[in-house]
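K.L.:
Sharing a structure with you now.
Number of protein chains: 2
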Amino acid sequence: MKPDDFRAWGYRLVDWIAEYLEHVERYPVLPAVQPGDIRAQLPREPPQHPEPFDQIFADFQKYILPGITHWQSPNFFAFFPANNSYPSILGELLAAGLGVQGMLWQTSPACTELETHVLDWLVDLLGLPEKFASRSTGGGVIQDTASSATLCAVLAAREQASRGFSNANGVVPRFTAYASTEAHSSVEKAWRIAGLGSAALRRIPVDDRLALRPEALEAAIRTDRQAGWIPCFVCATVGTTSTLAHDPLRPIGEIARRYGLWLHVDAAMAGTAAIWPEFRYLHDGLELADSYCFNPHKWMGVNLDCDCFFVADRQALIRALSVLPEYLRNPASESGQVIDYRDWQIPLGRRFRALKLWFVLRSFGAEGLRTLVRRHVALARLFTDWLASDPRFELAAPVSLNLVCFRLRADDATNQTFLHRLNASGRLYLTHTRVRERFTLRLCIGNLRTQEHHLRAAWQLLQQTADQLLSSPPRSLQ
Amino acid sequence: MKPDDFRAWGYRLVDWIAEYLEHVERYPVLPAVQPGDIRAQLPREPPQHPEPFDQIFADFQKYILPGITHWQSPNFFAFFPANNSYPSILGELLAAGLGVQGMLWQTSPACTELETHVLDWLVDLLGLPEKFASRSTGGGVIQDTASSATLCAVLAAREQASRGFSNANGVVPRFTAYASTEAHSSVEKAWRIAGLGSAALRRIPVDDRLALRPEALEAAIRTDRQAGWIPCFVCATVGTTSTLAHDPLRPIGEIARRYGLWLHVDAAMAGTAAIWPEFRYLHDGLELADSYCFNPHKWMGVNLDCDCFFVADRQALIRALSVLPEYLRNPASESGQVIDYRDWQIPLGRRFRALKLWFVLRSFGAEGLRTLVRRHVALARLFTDWLASDPRFELAAPVSLNLVCFRLRADDATNQTFLHRLNASGRLYLTHTRVRERFTLRLCIGNLRTQEHHLRAAWQLLQQTADQLLSSPPRSLQ
């Protein structure tokens, strides 16, 4: 491809993306495809000769686009959002054009320094504890996802608890970890990856609000200690995936301090809310944490992948993750004056992800991000009011921020059918969870483009679908 | 940002990137900045109000660009390359615009199916063993980097060797791993992350060509077995980072089979060469491997991040990595008819990286990629000839593919000064390694834009710098 072809196709794709995002609600949110449908249309044999880009792009539109789940649709209410935004797309484009690999400070000083700088900005913007800033003992780093951040936290905790021997001699699995029954699956995955075993992750019961019960945590730690285990790590969640419940950080942090555990706080989606001082109660006690993460790629308009991971003691992280072969040695690293982010993460190579975060923070400003959060929280309250007005529905959990968990006042099978019919319409996408064993629908409002009229249309569809479902004969007669 | 602003700025960035890449050699490859220089120019306080994009982009040009290491420069000969290309940049742009998160088939069927499809194409294009194709027992997945691929391989090996108990109960560190003294640091990092300890990674000596000695591997396995260890994992390298040495896969694979070890093959850079049948000798014996990876983001013109990781038995990988919470359950996954790539990797979320790989494979075609590889290998041979013509230089290792390891016939300190002066010129970027303890310069030719005249200019600079260095008084007199 020649530079002028790139220019022409670049313009064309920019136009296509602008058009796509302006009208993304025209597409069914979930595509009506069956397993294998996409592949069946693609040629079995790999291309031998160069193909013109117009052919490639035509195939994208013909074969790929119909198989896309439209995460950017204003009618996407599933899981948590994964937003993009125009400035963020420009950041990805520019990063791709520069093609920088920022594993070491030396391999692109600006890639490293801008990352440190914007993560320090986030400490200020979200009112995070000062120790998480690079100007203090800690610092922030961009990870791909919160799963990787949790894994890094686990590895630092493991290394600290083993007094530095775990890397050299391996870890005898005597360490225990703690997280609530509502914590994300990535905690279990990280604990397994670290060789410590799912069975040594204690799932602590939750209270009525689905938040971890600190006294149960303390009891579990004491029981484990008495049985010869070494309590090592606790993950508290600010905004669980199922219901956005938030664990009480202060009592958990005090227990972690008392028993010498590493406290990691996972605020993947909800963390963004702290841009409003009124939501900082969610972070009360965060100064007791050893590490913290949240995902600007969820609710801050930054393209996936962008998880921001902060540690209070950067040396603890580096001790856990640094391996230094000769071919990576360089004067800047040896001066001790620079950050080499390769030692803050699992992979070696890294993209220039700070660029999109910088573009978003400056394009929106704290003000723009506050407006976004406020609007989504208000919409969730509105939806809650609508639910309350229809006796066929009930809330399944306390409403927190921008997530509403609800169900039909009916059995699980009916709710399952309800969800299936809603999603099959293509007019929205909701996902489910279980709250106290019961099948529960989740509606998360986090898309930049979601306006009241989208939510109203969703509510109408919910009501119509409920009408049809509840008036049809019982399943056993069908 | 409004759609029309995005259009205007999108065009502008596309133009800027085209201009940048056409003239990237105008920039000093390594920027002349000191630690902290970039940050010192950025405002300490985060932005409160939205800023216009022209201000942001002006700041990029003024503050960030001068701190970039230009990986896309034709004069970048350091490490291994990390290429982008026009079709790949378009792929990143389109993926950013779609903003898809492909953790499950259901969360974007086309994201998953296109990935499976292009990775099957690569099995054909590179002549990889059929078992690595999804139509067989295995399959391929895109990881961010080879480090993550190696970690996934380690975890699958650990789980298999522990007969499924390592995830549940943790791993008592009795497992041993094997890799040559020349293998990449990511093998040690993965082994440590898995809780198995650096000390249990046996570094096997190499032969004259810096390739792992199979008989030494077998001896180490036998010794470990007798001492009660459980040999579990061996990593063979096709193209080591220091010198592009390649381990003999067939005898290593036979030993791995005999003793029940998982064989992972790391061909991060060199794997691309297999697009030429004449280079497939590098993969001789690969059918004995359990997993394999190479990085299209190194030598195939695909933007970082794009590591292709193949396994012979996909169930072994999934058993090691799958954790299934309620909120990720869905009918497609439960049908067993789809791939959910979240279970093939460390993170949960994932970008639509197959798009850029698909764009590159079709835009270049196998033919275009072959031309690229051929040209770089020819340039490395040319450079080797030049070296041979100047008695002040010597080869430090056998020349393989597109990497030349060399030094001045002088002591380490002189070679270190030589490298420092070369890089300080800004006219190229080389990195070093140690070969048999001796300081060695590496020149890797892998950039899409590198032509003979760039290499000739590099050679002239090397000669001139050698002239100055070798004619100046010895260091002790300075």
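Protein sequence lines correspond, in order, to chains P and F. If you're matching positions, the first sequence starts at 66 in the working numbering and goes up one per residue. If you're matching positions, the second sequence starts at 66 in the working numbering and goes up one per residue. No residue lacks a Cβ here, since even glycine has one placed at the ideal position from N, Cα and C.
Quick one: measure Cβ to Cβ for S356(P) and F344(P), integer angstroms, because I've assumed they're closer than 8 Å.
P.N.:
Along the first sequence, one-based indexing puts residue 356(P) at 291. Along the first sequence, one-based indexing puts residue 344(P) at 279. Not a contact, Cβ separation roughly 21 Å.
K.L.:
How far does the alpha helix (DSSP H) with R415(P) in it extend, from its first residue to its last?
P.N.:
Walking along the first sequence from the start, residue 415(P) turns up at place 350. Element bounds for R415(P): n/a, residue is neither H nor E.
K.L.:
Check whether the Cβ atoms of V165(P) and F417(P) lie closer than 7 Å to each other.
P.N.:
Numbered from 1 along the first sequence, position 100 holds the residue referred to as residue 165(P). Numbered from 1 along the first sequence, position 352 holds the residue referred to as residue 417(P). Yes, these two residues count as a Cβ contact at 7 Å.
K.L.:
My output table needs one value for W327(P): the three-state DSSP class, helix, strand or coil.
P.N.:
Indexing the first sequence from 1 puts residue 327(P) at position 262. Three-state result, W327(P): strand.
K.L.:
Can you check whether the C-beta of T337(P) is within less than 7 Å of a C-beta belonging to chain F?
P.N.:
Counting from 1 along the first sequence, the entry for residue 337(P) is found at position 272. Cβ-Cβ to chain F under 7 Å: no for T337(P).
K.L.:
Between R274(F) and the rest of its own chain, which residues show a CB-CB distance below 7 Å, the 5 nearest in sequence each way excluded?
P.N.:
In the second sequence, counting from the first residue as 1, residue 274(F) sits at position 209. Excluding positions up to five away in sequence, the list reads A310 and P463.
K.L.:
Identify the residues that DSSP records as bridge partners of I207(P): which are they?
P.N.:
The residue you call residue 207(P) lines up with position 142 of the first sequence. Note: I207(P) sits in a beta bridge opposite C373(P).
K.L.:
Taking Cβ to Cβ, would you say R514(F) is nearer than 7 Å to P139(F)?
P.N.:
As a first step, residue 514(F) is located in the second sequence; it is residue number 449 there, counting from the start. As a first step, residue 139(F) is located in the second sequence; it is residue number 74 there, counting from the start. Taking 7 Å as the Cβ cut-off, R514(F) and P139(F) qualify as a contacting pair.
K.L.:
Quick test of your reading: R457(P) and F504(P), contact by CB under 8 Å. State the CB separation rounded to the nearest angstrom.
P.N.:
On the first sequence, position 392 is the one that residue 457(P) refers to. On the first sequence, position 439 is the one that residue 504(P) refers to. Not confirmed; about 15 Å, so no contact.
K.L.:
What residue from L282(P), N360(P) and C300(P) has the CA that sits closest to I320(P)'s CA?
P.N.:
Here residue 320(P) is taken as the residue at index 255 of the first sequence, counted from 1. Residue L282(P) is the option with its Cα nearest to I320(P).
K.L.:
Rounded to whole angstroms, what's the CA-CA distance from Q543(P) to D476(P)? Just pull it up for me.
P.N.:
On the first sequence, residue 543(P) is found 478 positions in, with the first residue counted as 1. On the first sequence, residue 476(P) is found 411 positions in, with the first residue counted as 1. In this predicted model, Q543(P) has a pLDDT of only 39, less than 50, meaning its place in the structure is not dependable; the value taken from the coordinates is given anyway. Roughly 17 Å separates the two Cα atoms.
K.L.:
Given that a residue counts as buried once 16 or more other Cβ atoms are within 10 Å of its Cβ, and exposed if not, what is S541(P)?
P.N.:
Here the question's residue 541(P) lines up with position 476 in the first sequence. The pLDDT assigned to S541(P) is 48, lower than 50, so where the model puts this residue is not dependable; a value taken from the coordinates is nonetheless given after this. Exposed, since its Cβ has fewer than 16 Cβ neighbours within 10 Å.
K.L.:
From the DSSP output, in three-state form, read off Y346(P) for me.
P.N.:
Your numbering for residue 346(P) matches position 281 in the first sequence. Y346(P) falls in the helix class under three-state DSSP.
K.L.:
Please report whether the beta-carbon of T498(F) lies at a distance below 7 Å from any beta-carbon of chain P.
P.N.:
By one-based count along the second sequence, residue 498(F) stands at place 433. Yes, T498(F) lies at the interface with chain P (some Cβ there is under 7 Å from its Cβ).
K.L.:
Does the CB of W74(P) have a neighbour CB from chain F at under 7 Å?
P.N.:
Stepping through the first sequence from its first residue, residue 74(P) is reached at position 9. So, interface residue.
K.L.:
Does F118(P) come out as helix, strand or coil in the three-state DSSP assignment?
P.N.:
For the purposes of this step, residue 118(P) is taken as residue 53 along the first sequence, with counting starting at 1. Three-state DSSP puts F118(P) in a helix.
K.L.:
What residues from chain F crowd round Q166(P), counting only those whose CB sits closer than 7 Å?
P.N.:
Here the question's residue 166(P) lines up with position 101 in the first sequence. Ordered by position in chain F, the residues that pass the 7 Å Cβ test against Q166(P) are W136, A147 and L369.
K.L.:
Helix, strand or coil, according to DSSP, for L513(F) in the structure here?
P.N.:
Walking along the second sequence from the start, residue 513(F) turns up at place 448. Residue state, collapsed to three classes: coil.
K.L.:
Consider the Cβ of K196(F): report whether some Cβ of chain P lies at a distance smaller than 7 Å.
P.N.:
Locating residue 196(F) in the second sequence gives position 131, counting from the first residue. Taking Cβ atoms only, chain P never reaches closer than 7 Å to K196(F), which makes this a no.
K.L.:
Please tell me whether V33(F) has its Cβ less than 7 Å away from any Cβ of chain P.
P.N.:
A query on residue 33(F) cannot be resolved here, the shown segment of chain F reaching from 66 to 543 and no further.
K.L.:
The beta strand (DSSP E) with R472(P) in it runs from where to where?
P.N.:
The sequence position of residue 472(P) within the first sequence is 407, counting from 1. L468 to L473 is the extent of the beta strand (DSSP E) around R472(P).
K.L.:
So the candidates are H114(P), D102(P), L107(P) and N395(P); which of them puts its Cα closest to the Cα of F429(F)?
P.N.:
Taking the first residue of the second sequence as position 1, residue 429(F) is located at position 364. Residue H114(P) is the option with its Cα nearest to F429(F).
K.L.:
Using beta carbons (cut-off 7 Å, strictly below), is L266(P) in contact with chain F?
P.N.:
Taking the first sequence and counting its residues from 1, the one referred to as residue 266(P) is at position 201. No, L266(P) lies away from the interface with chain F (no Cβ there is under 7 Å from its Cβ).
K.L.:
On a CA-only basis, which of S173(F), S212(F) and I340(F) is nearest R372(F)? Give me that one, please.
P.N.:
Position 307 of the second sequence, counted from the first residue, corresponds to residue 372(F). For the record, residue 372(F) in the displayed sequence is Asp; it is not Arg. Ranking the options by Cα distance to D372(F), first place goes to S212(F).
K.L.:
Using a C-beta to C-beta distance shorter than 7 Å, which residues of chain F count as neighbours of S251(P)?
P.N.:
Working through the first sequence from its first residue, we reach residue 251(P) at position 186. Per Cβ cutoff of 7 Å: L413.
K.L.:
Check whether the Cβ atoms of P111(F) and W186(P) sit closer than 7 Å, and answer yes or no.
P.N.:
One-based indexing of the second sequence puts residue 111(F) at position 46. One-based indexing of the first sequence puts residue 186(P) at position 121. Yes, they are a contact pair.
K.L.:
Determine the DSSP secondary structure at C179(F), reduced to helix, strand or coil.
P.N.:
As a first step, residue 179(F) is located in the second sequence; it is residue number 114 there, counting from the start. Note that residue 179(F) is Leu in the sequence shown, not Cys. The answer is helix: DSSP assigns L179(F) an H, G or I state.
K.L.:
For the segment 86-102 of chain F, enumerate the residues whose C-beta is nearer than 9 Å to any C-beta of chain P, in chain order.
P.N.:
So the close ones are L86, E87, L95, P96, V98, Q99, P100, G101 and D102.
K.L.:
Counting pairs of Cβ atoms below 8 Å between the segment 436-455 of chain F and the segment 492-502 of chain F, do you hit three or more?
P.N.:
Not touching, per the Cβ criterion.
K.L.:
For L190(F), which residues of its own chain have a beta-carbon under 7 Å away from its beta-carbon, when the five flanking residues on both sides are left out?
P.N.:
Counted from its first residue, the second sequence places residue 190(F) at position 125. Here the set comprises I340 and A431.
K.L.:
Starting from the C-beta of A461(P), find all residues in its chain whose C-beta is less than 6 Å away, skip the five residues before and the five after it, and write them out in chain order.
P.N.:
Residue numbering aside, residue 461(P) sits at position 396 when the first sequence is read from its first letter. Answer for A461(P): C470, F471, R472, V500 and T505, listed in chain order.
K.L.:
In angstroms, rounded to a whole number, what distance separates the CA positions of D70(F) and F122(F)?
P.N.:
Counting from 1 along the second sequence, the entry for residue 70(F) is found at position 5. Counting from 1 along the second sequence, the entry for residue 122(F) is found at position 57. Approximately 13 Å between the Cα atoms of the pair.
K.L.:
Alpha carbons only, please: which of A276(F), F483(F) and G75(F) is nearest the one belonging to L158(F)?
P.N.:
As a working mapping, residue 158(F) is identified with position 93 in the second sequence. For L158(F), the nearest C-alpha among the options comes from G75(F).
K.L.:
May I have the straight-line CA-CA distance separating K127(F) from L107(F), to the nearest angstrom?
P.N.:
As a first step, residue 127(F) must be located in the second sequence, where it is residue number 62. As a first step, residue 107(F) must be located in the second sequence, where it is residue number 42. Taking the straight line from one Cα to the other gives about 10 Å.
K.L.:
Which residues does DSSP list as the beta-bridge partners of P296(P)?
P.N.:
Translated into the one-based positions of the first sequence, residue 296(P) becomes position 231. Answer is T241(P).
K.L.:
Could you spell out where the alpha helix (DSSP H) holding V252(F) opens and where it closes?
P.N.:
On the second sequence, residue 252(F) is found 187 positions in, with the first residue counted as 1. That run of the alpha helix (DSSP H) goes S250 to I258.
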